[in-house]
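**Student:** Have a look at this one before I ask anything.
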Amino acid sequence: LAYANRGVAYKALKDYDKAQRDFKEAMKFLDTQERKEAVLTLLKETQSLVRQPVLPDPLADIRASPEEHGQARVMERKLW
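Next up, the structure:
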């Protein structure tokens, strides 16, 4: 149960790799089906968080240096 509890703490801290490792380790020691199902649910939730894509911000470079992209802003105003 200690591994499962620590996994929950790691998940809350968004340290998903450590959380997954602890949930998998907890599965080895749990004795009741109910607890195994609960930890398996936590593991699946954590895995889904890891798999969520991080999309790049297409405007990040423009925001970082707007003076270099002044022409793009003029063009944008014309379009709108």
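In short: position in the sequence shown from 1, add 133, done, that's this note's numbering. Virtual Cβ for every residue (Gly too), placed ideally from N, Cα, C.
If the criterion is Cβ atoms closer than 8 Å, does the pair residue 157 and residue 163 meet it?
**Tutor:** Here residue 157 refers to the residue found at position 24 of the sequence shown. Here residue 163 refers to the residue found at position 30 of the sequence shown. Not in contact: residue 157 and residue 163 (Cβ atoms no closer than 8 Å).
**Student:** If you reduce the DSSP assignment to three classes, tell me which class residue 161 lands in.
**Tutor:** The sequence position of residue 161 within the sequence shown is 28, counting from 1. Helix, per DSSP.
**Student:** Going by DSSP in three states, residue 192 sits in which element: helix, strand or coil?
**Tutor:** Locating residue 192 in the sequence shown gives position 59, counting from the first residue. Reduced to three states, the DSSP call for residue 192 is coil.
**Student:** Helix or strand or just coil, what does DSSP make of residue 146?
**Tutor:** Residue 146 sits at position 13 when you count from the first residue of the sequence shown. Reduced to three states, the DSSP call for residue 146 is coil.
**Student:** Which residue marks the beginning of the alpha helix (DSSP H) containing residue 176, and which one marks its end?
**Tutor:** Walking along the sequence shown from the start, residue 176 turns up at place 43. Here the alpha helix (DSSP H) through residue 176 covers 166-184.
**Student:** Residue 176 to residue 165, Cα distance in whole Å?
**Tutor:** Counting from 1 along the sequence shown, the entry for residue 176 is found at position 43. Counting from 1 along the sequence shown, the entry for residue 165 is found at position 32. Their Cα atoms are separated by approximately 17 Å.
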